[in-house]
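Numbering (this note's numbering), first residue to last: -17 to 186.
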């Protein structure tokens, strides 16, 4: 069952928590890959110094964050990596959830070719874990980039999120990663992850 727009049109922190265990799917060039969302971070716009839309900032880069809930916001960092976010709240607010890590579900051989340029069978266990255990890693493995995926409606059929298996899990909570520049916002407890999952990017 694909998530409906109403799912995304809620408080960003609640959406972030509820995304855990859901399945991100991308179909492109006749290839489909998917992964279970195991780690996320919430970014709350105008009040959040770590958000690209802090204090109401509006640029061409971030305009999609002000769009309708359920759009994808993909940005480029360090001149080489992409990161995927899910736009939340009603149109005009500018909040989103960063997808930080996935557990591969479908298309793992395709992911291996994209990430390592070698057959999946040749990977060591650590390489398998590293396929999608970070925001830029999962974008590379899932072929998610700004040119093809920024602003896509996640309620449609190319890039979307669907319900996962109803497996119980505990939610871990921590400060977000890599935002030491963000003043008091660096200490907001808005990173959420599935406790004990080996695909989480940074284990406490």
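Idealized CB from N, CA, C, for every residue including glycine.
Only a predicted model underlies this, so the values are computations on that prediction, with no experimental measurement involved.
Quick one, which of the options has its alpha-carbon nearest residue i's?
i           : options           : result
residue 70  : 35, 107, 163, 106 : 35
residue 65  : 153, -5, 122, 95  : 122
residue 63  : 32, 125, 37       : 125
residue -7  : 15, 16, -15, 25   : 25
residue -5  : 50, 15, 46, 81    : 81
residue 19  : 120, 90, 107, -14 : 120
residue 150 : -17, 60, 4        : 4
residue 163 : 152, 32, 104      : 32
residue 161 : -12, 30, 90       : 30
residue 50  : 98, -13, 60, 148  : -13
residue -17 : 148, 165, 41      : 148
residue 60  : 169, 95, 118      : 118
residue 96  : 169, 42, 179, 14  : 14
Please check the pair residue i and residue j, which I expect to be a contact at CB under 8 Å, by giving their CB distance rounded to whole angstroms.
i           : j           : result
residue -2  : residue 79  : 5 Å
residue 131 : residue 56  : 5 Å
residue 22  : residue 6   : Actually they do not touch by this definition, with Cβ atoms about 11 Å apart.
residue 181 : residue 111 : 6 Å
residue 143 : residue -15 : 5 Å
residue 88  : residue 9   : Wrong, their Cβ atoms sit about 10 Å apart, outside the cutoff.
residue 58  : residue 106 : So it is not a contact: roughly 29 Å between Cβ atoms.
Taking the CB atoms as reference points, tell me whether residue i and residue j lie closer together than 8 Å.
i           : j           : result
residue 183 : residue 171 : no
residue 52  : residue 135 : yes
residue 177 : residue 146 : no
residue 141 : residue 114 : no
residue 116 : residue 46  : no
residue 44  : residue 54  : no
residue 28  : residue 12  : no
residue 93  : residue 86  : yes
residue -9  : residue 77  : no
What residue range is occupied by the uninterrupted beta strand (DSSP E) comprising residue i?
i           : result
residue 9   : 5 to 10
residue 153 : 153 to 156
residue -12 : First-last for residue -12: -13 to -10, but that is the alpha helix (DSSP H), not the beta strand (DSSP E).
residue 16  : 13 to 25
residue 128 : Counting along the chain, residue 128 falls outside any beta strand (DSSP E), though it belongs to the alpha helix (DSSP H) covering 128 to 131.
residue 176 : 173 to 176
residue 170 : Careful: residue 170 lies outside any beta strand (DSSP E) and carries neither H nor E.
residue 143 : 141 to 144
With a cut-off of 8 Å, does the C-beta of residue i fall near any C-beta of chain C?
i          : result
residue 96 : No chain C is part of this structure, which consists of one protein chain only.
Output the boundary residues of the alpha helix (DSSP H) element that contains residue i.
i           : result
residue 1   : -6 to 1
residue 111 : 107 to 111
residue 120 : 117 to 124
**Message:** Could you tell me which whole alpha helix (DSSP H) segments of length 4 or greater appear in the region 28 to 103?
**Reply:** For the region 28 to 103, the full-length alpha helix (DSSP H) segments reaching 4 residues or more read 90 to 98 along the chain.
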